[in-house]
């Protein structure tokens with residue numbers, strides 16, 4: 013099945029390379045890549061593509077009389093000079109390297125650096141510890157003010173980051189200033205002034221047009237030096253981002269993007285950076301489909317950091333929409349023309365829930381008309397998904413919507429905020445929350461946890477909640493028992509695992525912090541946990557507290573709760589609804605149009 017593969021760079025593995033045949037009377041100098049695999053440990057669906065095509069590298073400018081020195085005749089011109097040595101004919105034709113001679117001399121190549129990162133991924137099944145560390149390599153480039161830009165997945169769960177300039181043998185320590193998971197961008201800084209001596213930052217260019225030439229520069233696997241591949245812009249549209257599972261503007265190109273190119277810049281013919289290489293499309297039915305984060309998304313990320321001192325994210329409207337292509341459907345909703353999209357659901361936590369209703373038809377966004385297929389005008393002769401307009405806003409911005417409600421044309425305003433997922437795609441801080449009570453390991457349900465677990469062990473009902481349920485208030489979580497650490501105090505419950513806890517002593521549980529607060533303040537003789545399908549776990553409160561130290565010692569657990577649960581609990585005063593009764597019919601993703609969307613990259 014086709015899937016988007018984010019390029020996680022990694023140490024190379026040997027693979028026989030291809031070279032030009034020696035049977036030919038002459039051979040032109042040409043570079044081809046060595047193929048490598050990425051041993052970083054993402055889900056199988058995120059591994060790199062197995063399809064690698066021929067790549068032309070940036071060859072060094074040949075000077076003088078060719079190989080071995082000496083004059084080449086004709087005033088040192090290389091246009092047609094040929095040298096024969098022991099039966100081997102090497103033809104140095106200027107036309108074969110003309111595309112790269114100017115590129116080799118341009119200083120913008122020196123702004124591209126190699127990134128060395130050491131990662132330690134959390135262990136979501138055993139949340140008090142982490143997995144074995146691993147290393148990877150990627151690319152980055154200078155953007156001015158002593159800062160570098162790269163992909164967020166290149167420095168995910170980092171413990172150490174080092175960068176190395178082109179032509180230098182010294183590595184410099186870098187740190188992350190901002191990390192945008194949904195847009196797959198990260199900003200790095202290097203404090204050592206020596207690293208920046210004699211450097212020039214790259215200039216961001218405009219959004220390219222179709223068929224514009226594009227050059228991707230970076231440090232992919234297959235060699236240690238800088239690599240250059242060329243292609244053209246194939247498509248520009250709202251694209252699923254594999255790392256953040258969001259949908260933002262993306263540029264599709266046919267230039268080769270391999271593991272290690274992630275974070276490297278893509279240039280136009282003027283030497284301006286028009287985007288950041290970050291993912292490829294893997295399929296047995298497709299070839300040469302790579303993706304670049306355009307400068308519109310990059311600028312949004314940088315401006316967000318400048319305005320707020322941190323990354324706040326891309327806002328969304330918080331609605332699930334339906335296309336209005338069918339004339340009878342439009343007539344029943346009293347929509348006079350072929351425009352607008354139908355509001356199917358409004359997220360309870362979205363500010364739009366106070367102004368939009370199920371059954372409304374959105375016809376415009378900030379004065380821009382919305383078509384019946386959920387698209388809006390883009391540039392002069394193109395159209396693009398409605399999500400593009402909301403992604404141009406910043407968190408806290410106000411948007412004006414034109415709607416039709418029961419045949420009445422109205423104008424409403426709403427504030428835009430990033431989406432709050434009931435089951436988050438990423439864990440803030442990198443370390444999952446957990447609470448251990450008498451050997452029962454409680455933790456919030458997250459997408460990284462689901463990725464680590466076999467779906468058969470989670471059960472269809474829990475998976476359905478993860479995919480389809482919406483948050484009813486900010487801070488709501490699905491809290492589960494991931495496993496039970498066997499002890500005399502929990503006899504009969506040892507085989508529990510991946511079950512949602514609903515109540516403690518009759519009180520609905522809002523989140524993991526609320527559960528810890530209920531346990532700490534309980535004065536009853538028993539701790540009575542109610543799980544899904546009315547399954548009960550009853551523990552003697554005093555015996556459970558006494559067994560904690562033995563369980564910690566036996567399983568080498570440093571603490572019975574994560575550090576964040578040591579903070580005082582602040583009650584949100586929100587009433588918890590029964591999540592099982594609020595299933596929708598479309599998965600909860602960052603896609604506002606729930607039709608025709610790719611769910612998991």
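In my numbering, the protein residues as written are 13 to 613.
The C-beta atom is built at its ideal place from N, Cα and C for all residues, glycine as well.
First and last residue of the beta strand (DSSP E) that includes residue i?
i, result
"residue 425", "420-427"
"residue 5", "As shown, the chain starts at 13 and ends at 613. That puts residue 5 outside it, with no answer to give."
"residue 531", "Segment 524-533 is the alpha helix (DSSP H) holding residue 531; no beta strand (DSSP E) there."
"residue 130", "124-131"
"residue 416", "410-417"
"residue 258", "258-265"
"residue 515", "511-516"
Going by beta carbon distance, what residues of the same chain come within less than 6 Å of residue i, once the five residues before and after it are set aside?
i, result
"residue 626", "As displayed, the chain neither begins before 13 nor continues past 613, which places residue 626 out of reach and without an answer."
"residue 551", "450 and 539"
"residue 379", "none"
"residue 218", "none"
"residue 359", "330 and 482"
"residue 505", "496 and 549"
"residue 133", "143 and 169"
"residue 189", "199 and 201"
"residue 617", "Residue 617 cannot be examined here, being either before or after the span of the chain that is shown, 13 to 613."
"residue 159", "199 and 201"
"residue 248", "263"
"residue 437", "257 and 459"
"residue 216", "285 and 307"
Can you give me the Cβ contacts of residue i inside the same chain, cut-off strictly under 8 Å, excluding the 5 residues immediately before and after it?
i, result
"residue 251", "259, 260, 261, 262, 264 and 303"
"residue 555", "450 and 501"
"residue 384", "335, 336, 337, 342, 350, 351, 352 and 353"
"residue 509", "469, 493, 494, 495 and 496"
"residue 618", "Because the chain here runs from 13 to 613, residue 618 falls outside it and cannot be looked at."
"residue 584", "485, 486, 487 and 522"
"residue 519", "530"
"residue 422", "414, 415 and 416"
"residue 467", "475"
"residue 410", "425, 426, 427 and 428"
For the alpha helix (DSSP H) holding residue i, just list the boundary residues, first then last.
i, result
"residue 402", "399-403"
"residue 216", "It is not in any alpha helix (DSSP H) - residue 216 carries neither H nor E in the DSSP assignment."
"residue 569", "Careful: residue 569 lies outside any alpha helix (DSSP H) and carries neither H nor E."
"residue 136", "Residue 136 -> no alpha helix (DSSP H), and no H or E assigned at all."
"residue 290", "From DSSP, residue 290 is part of no alpha helix (DSSP H) but of the beta strand (DSSP E) over 285-294."
"residue 476", "472-480"
"residue 251", "Per DSSP, residue 251 belongs to no alpha helix (DSSP H); it is in the beta strand (DSSP E), 239-253."
"residue 317", "307-320"
With a Cβ-Cβ cutoff of 7 Å, do residue i and residue j count as a contact?
i, j, result
"residue 12", "residue 316", "The chain is shown only over 13 to 613; residue 12 falls outside these bounds and no answer can be derived."
"residue 226", "residue 267", "yes"
"residue 9", "residue 174", "Residue 9 lies beyond the stretch modelled for the chain, which goes from 13 to 613, so this question has no answer here."
"residue 559", "residue 501", "yes"
"residue 412", "residue 425", "yes"
"residue 123", "residue 167", "no"
"residue 524", "residue 445", "yes"
"residue 544", "residue 511", "yes"
"residue 351", "residue 387", "no"
"residue 212", "residue 126", "no"
"residue 407", "residue 327", "yes"
"residue 290", "residue 301", "no"
"residue 232", "residue 204", "no"
"residue 214", "residue 153", "yes"
"residue 11", "residue 244", "Absent from the structure is residue 11, since the part of the chain shown begins at 13 and ends at 613."
"residue 581", "residue 529", "yes"
"residue 614", "residue 269", "Since the first residue shown for the chain is 13 and the last is 613, residue 614 is missing from the structure and cannot be characterised."
"residue 368", "residue 355", "yes"
"residue 130", "residue 147", "yes"
"residue 275", "residue 162", "yes"
With a threshold of 7 Å on Cβ separation, who are the neighbours of residue i within its own chain once the five nearest residues in sequence on each side are excluded?
i, result
"residue 255", "18, 164, 165, 193 and 196"
"residue 441", "none"
"residue 488", "434, 522 and 523"
### Message
Below 8 Å, how does it come out for the segment 247-264 and the segment 286-300: are there three or more Cβ pairs, yes or no?
### Response
In this structure the segment 247-264 lies against the segment 286-300, because at least three pairs of beta carbons, one per stretch, are closer than 8 Å.
Could you check whether the segment 410-428 touches the segment 454-468, counting it as contact only if at least three pairs of C-beta atoms, one from each stretch, sit closer than 8 Å?
no
Decide if the segment 234-253 is in contact with the segment 422-436; the criterion is three or more beta carbon pairs, one per stretch, under 8 Å apart. Counting C-beta pairs closer than 8 Å gives fewer than three between the segment 234-253 and the segment 422-436, which falls short of the contact rule.
For this session: Count the C-beta pairs between the segment 384-394 and the segment 513-530 that are closer than 8 Å, then say yes if the count reaches three, no if not.
Result: no
**Prompt:** Taking the runs of the alpha helix (DSSP H) that are 4 residues or longer, which of them lie wholly in the segment 333-382?
**Reply:** Every alpha helix (DSSP H) stretch that sits fully inside the segment 333-382 and reaches 4 residues is listed by chain position as 339-344.
List in chain order: all unbroken alpha helix (DSSP H) runs of 4+ residues lying wholly within the segment 156-236. Uninterrupted alpha helix (DSSP H) stretches at least 4 residues long and entirely within the segment 156-236 occur at 205-208, given in chain order.
Any contact of the segment 363-377 with the segment 331-348, i.e. 3+ C-beta pairs under 8 Å?
-> Judged by Cβ distances under 8 Å, the segment 363-377 makes contact with the segment 331-348, as three or more pairs qualify.
- Unbroken alpha helix (DSSP H) runs of length 4 or more, entirely within the segment 540-569: which are they? 553-567
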